[in-house]
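Quick notes on the structure that follows.
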Amino acid sequence: MLEEAESENLAVDGVIADITNYEAPDLYNIVVIDSVLHMLQNDEIRNAVLEKSSNAVCKAGFILIADTPKHKSLICDYFKSVPKVWKIIKNEKNFFFAHKIALVKS
């Protein structure tokens, strides 16, 4: 993946870490969460991961989530809870895409 991105002059950061306590050092254009949420112990932890991950997305950026259908409503509900910040682009099968339309004020 990194070689292909480099050949297209794309800046890609790949991180392998414990998603439950990872703190992103910057804001990113796109954050991808791929097949991770279903492995977490409970919905409280899943929501905390969604919050941390979505806070790492810059304004006008995107979050892309692939997970099991079991957590589809939890993912959708999280982003629907902040409609002034996120616009849901796709919510089908195991895929969820959202566009950040505003930054959250700290």
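According to this note's numbering, the stretch in the sequence shown is residues 918 to 1023, in order. Ideal Cβ placement from N, Cα and C applies to all residues, glycine included.
| query | Between the beta-carbon of K1017 and the beta-carbon of V1002, is there less than 8 Å? | reply | Walking along the sequence shown from the start, residue 1017 turns up at place 100. Walking along the sequence shown from the start, residue 1002 turns up at place 85. In this structure, V1002 lies closer than 8 Å to K1017 by Cβ.
| said: Classify D994: buried if its beta carbon has 16 or more other beta carbons within 10 angstroms, exposed otherwise. | reply: Sequence index remark: in the sequence shown, residue 994 carries index 77 (1-based). Exposed, by the Cβ-count rule.
| When the Cα atoms are used, what is the spatial distance from G931 to K1010? | Taking the sequence shown and counting its residues from 1, the one referred to as residue 931 is at position 14. Taking the sequence shown and counting its residues from 1, the one referred to as residue 1010 is at position 93. Their backbone Cα atoms lie some 25 Å apart in a straight line.
| task | For D951, write down the residues that DSSP places opposite it in a beta bridge. | result | To locate residue 951, count along the sequence shown from 1; it is residue 34. In the DSSP output, where bridge partners are listed per residue, D951 has A983.
| Sequence-distant residues of its chain with Cβ nearer than 6 Å to N1008 (five each side left out) | Counting from one through the sequence shown, the residue named residue 1008 turns up at place 91. If you ignore the 5 residues before and after N1008, its C-beta comes within less than 6 Å of the C-beta of C993, all in its own chain and listed in chain order.
| Where are the alpha helix (DSSP H) runs, 4 residues long or more, that stay fully inside the segment 919 to 972, in chain order? | For the segment 919 to 972, the full-length alpha helix (DSSP H) segments reaching 4 residues or more read 919 to 924 and 960 to 972 along the chain.
| task | Would you tell me roughly how many angstroms separate the C-alpha atoms of I980 and H955, rounded to the nearest one? | result | Walking along the sequence shown from the start, residue 980 turns up at place 63. Walking along the sequence shown from the start, residue 955 turns up at place 38. Near 17 Å, if we compare the C-alpha coordinates of H955 and I980.
| request: Identify, in the order they occur along the chain, each residue of the same chain with its Cβ nearer than 6 Å to the Cβ of F1014, setting aside the five sequence neighbours on each side. | output: Within the sequence shown, the letter at position 97 stands for residue 1014. Excluding positions up to five away in sequence, the list reads L981, I1006 and K1007.
| query | Can you find at least 3 beta carbon pairs, one from the segment 953 to 970 and one from the segment 920 to 930, that sit closer than 8 Å? | reply | no
| message | Quick check on DSSP: helix, strand or coil for K1001? | response | Counting from one through the sequence shown, the residue named residue 1001 turns up at place 84. K1001 falls in the coil class under three-state DSSP.
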